[in-house]
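Protein chains: 2
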Amino acid sequence: MGIVERRERLRKQVRTDILKTARDIAREEGWQAVSIRKIAEVIEYSPPILYEYFDNKDKLLETIRNEGFSHLHNELTRLKTLYRSPEKLLLEFAQVQWKFAIEQPEVFQVMFNIEGAMCQSRQAFQVEFAMLNNHPIWDALAHIRPRSADAISKTFYEWWCLTYGFLMVSLITQPKTSLVTFEPIFMESVRRFVRGLV
Amino acid sequence: MGIVERRERLRKQVRTDILKTARDIAREEGWQAVSIRKIAEVIEYSPPILYEYFDNKDKLLETIRNEGFSHLHNELTRLKTLYRSPEKLLLEFAQVQWKFAIEQPEVFQVMFNIEGAMCQSRQAFQVEFAMLNNHPIWDALAHIRPRSADAISKTFYEWWCLTYGFLMVSLITQPKTSLVTFEPIFMESVRRFVRGLV
DNA sequence: GTAAATAATTTTACATTGTTAAGTTATTTC
DNA sequence: GAAATAACTTAACAATGTAAAATTATTTAC
């Protein structure tokens, strides 16, 4: 009988609804307006139901953060199949990062604990910045200029600081309306960085 | 009679105590642990007293943010008297920025709404990033390579994104203990940026 | 088809938060 | 020392995250 399956499907749906609602409220009113009760009201359940899906609010945010990072990671591996040139890969990925941060600022905010979003768990950072070789970006940097692993790891870190840093400063300090102005400036900085690698 | 003066002095002291206590708690336990009641307890007053000094919690944070920005601004004007070379000024100021963010992370957090600190008012950003000429950094950039005001404003923005961005990414994603490792990487990035200006 | 078992959901409750209004105590003025 | 004022506290409200208890709905067993 498909009872268990139906239940599982429903559970999955509710879970997705919770995540989506949290993001929706955050986008409309900012993360400090996101409360368990408000999410519950939107999905038409009582507040405690949320604890059937997430241990607590922090874990809920952690899920959104992880989804953000893995979405970007997926985009990156997708781009890797499209572009052979490591320089091109870096530029295209930077573009994707920018687009992502502009189009889903509420997710970006959770990813980096900015603008009222706050998630204690630092696990995602350890993964993302674990200066591993085998990371597509690390790889690209190594191909552009082969050096010691340490030297490449350093450049790897500079890359994240440049791209994510630019985005953070822009998202935090600039009004939404003027962000379009800054995209070419961002891309030019990235281009200069890539040019400077060889 | 000095009654009014004494009262004024006391008021000023309490105000400073409030700000200091907020920063202390933030540094020890993070900004999400900072509550009006906790501050009140430390300064040994009842909670409502805080509203005699600040309209609300947001204004309190805004004050800390403004103090942060003006502290850095003061340091910058101080450095300007010490160094004639615009390149040297930029490098030295970057160093000051780094030192500040490491030594007073809780203030830096409020300045940029990161790590649980959240202040609605965006006024400080409008002032700081108002791409004005006459700003010491803008000035330095203009001296290194004289161009159109627009072109310099663009570089001005790139400067803030590079320096503050690097700091934000580092503070947010890295454990306190490993931050020392990144200072040379930061400074090298800044140096490359300055070199690339000419 | 109904009783027992279990799953799903809600109600109630508690401690903590920012903030306001009302009340109280201390200080100053005359 | 009484009246006026300043300084401060207590009490209260609504909103928050979250846990325990209570309830309702669904499934299972016969």
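Read top to bottom, the protein sequences are chains F and P.
Under my numbering, the first sequence has 282 at position 79, and the numbering climbs by one with no breaks.
Under my numbering, the second sequence has 381 at position 178, and the numbering climbs by one with no breaks.
Where is the CB? At the ideal position from N, CA and C, for every residue including glycine.
Keep in mind the model is a prediction, meaning the values are calculated, not measured.
Between Arg-226/F and Ile-267/F, the gap from beta carbon to beta carbon is short of 8 Å. Annotation for Met-321/F: no alpha helix (DSSP H) segment contains it, and DSSP assigns it neither H nor E. The Cβ-Cβ distance between Val-310/P and Glu-278/P does not fall below 8 Å.
Residues are counted here when their Cβ sits less than 7 Å from a Cβ of chain F; for the stretch 232–254 of chain P these are Gln-235, given in chain order. For Gln-300/P, the secondary structure class from DSSP, reduced to helix, strand or coil, is helix. In this structure, the CA atom of Met-390/F is about 11 Å from the CA atom of Glu-361/P.
Against Glu-290/P, chain F offers no close residue; the least beta-carbon distance is about 17 Å (beta-carbon pairs closer than 9 Å). Within the same chain, and ignoring the five residues on either side of Arg-240/F in sequence, the residues whose Cβ sits closer than 6 Å to its Cβ are Pro-250. DSSP places Asn-259/P in no alpha helix (DSSP H); its state is neither H nor E. Assigned with DSSP and collapsed to three states, Asn-277/P falls in helix. Between Gly-399/P and Gly-368/F, the gap from beta carbon to beta carbon reaches 8 Å or more. For Lys-357/F, the uninterrupted alpha helix (DSSP H) run begins and ends at 352–376, by DSSP.
Judged by DSSP secondary structure, Gln-312/P falls within the alpha helix (DSSP H) whose first and last residues are 308–314.
Met-321/P is positioned such that its CB atom lies no closer than 8 Å to that of Gln-312/F.
Between Lys-283/P and Pro-339/P the beta-carbon gap is near 5 Å, inside 8 Å, which marks them as a contact. Within chain F, Phe-328, Phe-332 have C-beta atoms less than 7 Å from the C-beta of Thr-376/P, given in sequence order.
Between the alpha carbons of Arg-394/F and Ile-246/F lies a distance of about 44 Å. Across the set Met-314/F, Leu-365/F, Trp-363/F, Gly-319/F, the C-alpha of Met-314/F shows the shortest separation from the C-alpha of Arg-325/F. When the beta-carbon positions are compared, Leu-382/F and Ser-373/F come within less than 8 Å of each other. At least 8 Å separates the beta-carbon of Asp-258/P from that of Gln-323/P. Residues of the same chain with a CB within less than 7 Å of the CB of Ala-243/F, apart from the 5 flanking positions on each side, are Ser-249, Pro-250, Ile-252, Leu-253 in chain order. The Cβ atoms of Phe-272/F and Glu-331/F sit closer than 8 Å to each other.
Neighbours of Phe-315/F in chain P, taken as residues whose beta carbon is under 7 Å from its own, are Ile-375 in chain order. In terms of beta-carbon proximity, Ser-392/F lines the interface with chain P, with at least one pair separated by less than 8 Å.
If you look at Thr-384/F, you'll find it in the alpha helix (DSSP H) that goes 382–398. Close partners of Lys-357/F in chain P (Cβ separation under 7 Å): Ile-388. Taking C-alpha positions only, Ala-333/P is separated from Ala-354/P by approximately 14 Å.
Taking a 10 Å sphere around the C-beta of Ala-352/F, we find fewer than 16 other C-beta atoms and assign the residue as exposed. The C-beta distance from Phe-328/P to Thr-376/F rounds to 4 Å, short enough to fall under 8 Å. Within a 10 Å sphere around the beta-carbon of Thr-280/P sit fewer than 16 other beta-carbons, which makes this residue exposed.
In this structure Tyr-256/F touches Ile-221/F by the C-beta definition: roughly 6 Å separates them, less than 8 Å. Interface residue (Cβ-Cβ distance to chain P less than 8 Å): Trp-363/F is classified as such.
In the three-state DSSP reduction, Val-245/F falls in the helix class (H, G or I).
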